[in-house]
Amino acid sequence: MVQVAWAWLLLVVGSFILLTSATIGCGHREIIKRNMSRLLVGTFMWYFWSQCFFGYVENRTGSCLGKAIIRNKIDCNTAGFHWHSFDISGHAFLLVYINLFILEEAKTIDGWEGIRDQIRMEDHHRGEVQNPGETKTPLDSLTPYDMAILKMNYEQFTPYIRCIFCVMTMMSVLSDVMLVCTIIFFHTMPQKVAGGAIAIAIWFLTYRVWFKRDASPGLPGCGLFHYQNMKERTKEVPLRRRSSICKDHRDNLPMFMGMPLYGLKKEKEDKKREEKKKDYEREEERSSMEDYGEGVEGRVPSWTGPHGDSASSRSWRR
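Under the UniProt record's numbering, read the sequence shown as residues 1 to 318, first letter to last.
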């Protein structure tokens, strides 16, 4: 099963790269070919190391037990003898490299669901009559034709991409299981370590060094626009994102997706009406209290004595 593992990888991962690159590349053949060329690089690495280099090392470091005059593994085994050599584990190399290859190519799915939101925002910005280019989006450099291809391919290919991603996940788990079996039952420890180390070195030199340069097949997820790591960008400029979605109307109404929220206008008017009513009631209460105070002061009694004179006049006479 390990011998045909690379064929399964070409089928599954190749379909994944084809559909994703056709979407983020808006159907451009140059982008699709560039992304698919990573499969050619991986296939070359697998064939050169496992089919050529490992066999060369085995022949150069081995000897035929029982008949030392034979210098070739095939002739030794054909003659019924055993060829003893340093046999680098091709299974360990292949399984480790397949796992790393799948993990790198699966990174394309990161941020994939956010493309739908970017398409909706770009449609909104392009449909604005006033200041259509006020806010920059990742899709603002696309032509109308590219936007149409992106919408069609995204809606059409996304269900298949999700299914293929699940199959890639199962392949990765199966590779881990077979790698454990290889470690337990086959080859010696130095041979297995050598195979795994070569696979890790190839992965590092390709995906961490070479593919980051311009003259290379490029990293997974490369297309006509950038759609990954958008959460970090949102945290950096939160105010700008909010201003592009929610704006103030000339009547001081908030706007959502370019449309004023008229439902809030009635609430504002009701609040203003209630505030005016409360202010009017407070004014009425204040004025009534003032009138009551003036009436009390005007009605202060001046009582008279038994002889008909007031208390103030009697105190004056004294």
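Backbone N, C-alpha and C define an ideal beta-carbon position, used for all residues, glycine too.
Cα-Cα separation, residue i to residue j
{"i": "W203", "j": "L11", "result": "20 Å"}
{"i": "V41", "j": "H124", "result": "41 Å"}
{"i": "K151", "j": "T169", "result": "27 Å"}
{"i": "D87", "j": "G114", "result": "48 Å"}
{"i": "E274", "j": "S287", "result": "20 Å"}
{"i": "A7", "j": "V13", "result": "10 Å"}
{"i": "A194", "j": "R71", "result": "24 Å"}
{"i": "E269", "j": "D140", "result": "39 Å"}
{"i": "L19", "j": "P217", "result": "16 Å"}
{"i": "T143", "j": "S89", "result": "51 Å"}
{"i": "D75", "j": "P159", "result": "53 Å"}
{"i": "H91", "j": "F48", "result": "14 Å"}
{"i": "K271", "j": "W112", "result": "44 Å"}
{"i": "H82", "j": "S37", "result": "41 Å"}
{"i": "A215", "j": "V209", "result": "11 Å"}
{"i": "T188", "j": "F157", "result": "45 Å"}
{"i": "I198", "j": "W46", "result": "11 Å"}
{"i": "E30", "j": "E104", "result": "21 Å"}
{"i": "T182", "j": "M121", "result": "50 Å"}
{"i": "G66", "j": "T78", "result": "13 Å"}
{"i": "E285", "j": "D279", "result": "10 Å"}
DSSP-derived helix/strand/coil call for residue i
{"i": "D176", "result": "helix"}
{"i": "Q156", "result": "helix"}
{"i": "L224", "result": "coil"}
{"i": "G195", "result": "helix"}
{"i": "T188", "result": "coil"}
{"i": "residue 319", "result": "Outside the shown range of the chain (1 to 318) lies residue 319, about which nothing can therefore be said."}
{"i": "R233", "result": "Any reading at R233 must be qualified, since the residue scores a pLDDT of 49, below 50, and its modelled position is unreliable; no value is offered."}
{"i": "L10", "result": "helix"}
{"i": "R213", "result": "coil"}
{"i": "L150", "result": "helix"}
{"i": "C163", "result": "helix"}
{"i": "L40", "result": "helix"}
{"i": "S287", "result": "helix"}
{"i": "A15", "result": "Correcting the residue identity first, residue 15 is Ser in this sequence and not Ala. In this structure, S15 counts as helix in the three-state DSSP scheme."}
{"i": "S21", "result": "helix"}
{"i": "C181", "result": "helix"}
Residues near residue i by beta carbon distance below 8 Å, same chain, minus five either side
{"i": "D117", "result": "none"}
{"i": "residue 364", "result": "For the chain, the structure presents residues 1 to 318; residue 364 sits outside this window and is missing."}
Neighbourhood of residue i by C-beta distance below 6 Å, restricted to the same chain and skipping five residues each side
{"i": "L179", "result": "L95"}
{"i": "F165", "result": "I109"}
{"i": "K136", "result": "none"}
Cutoff 7 Å; reference residue i; Cβ partners in own chain excluding five residues on either side
{"i": "P138", "result": "Q118, F225, H226, Y227"}
Problem - alpha helix (DSSP H) segments (min. 4 residues) lying fully within the segment 46-124 - result: 54-61, 73-78, 90-105
Exercise for the section: Spell out a yes or no on whether the segment 190-203 and the segment 87-102 are touching, meaning 3 or more CB-CB pairs, one atom from each, closer than 8 Å. Expected result: yes
Problem - Cβ contact (3+ pairs, closer than 8 Å) linking the segment 222-229 and the segment 25-39 - result: yes
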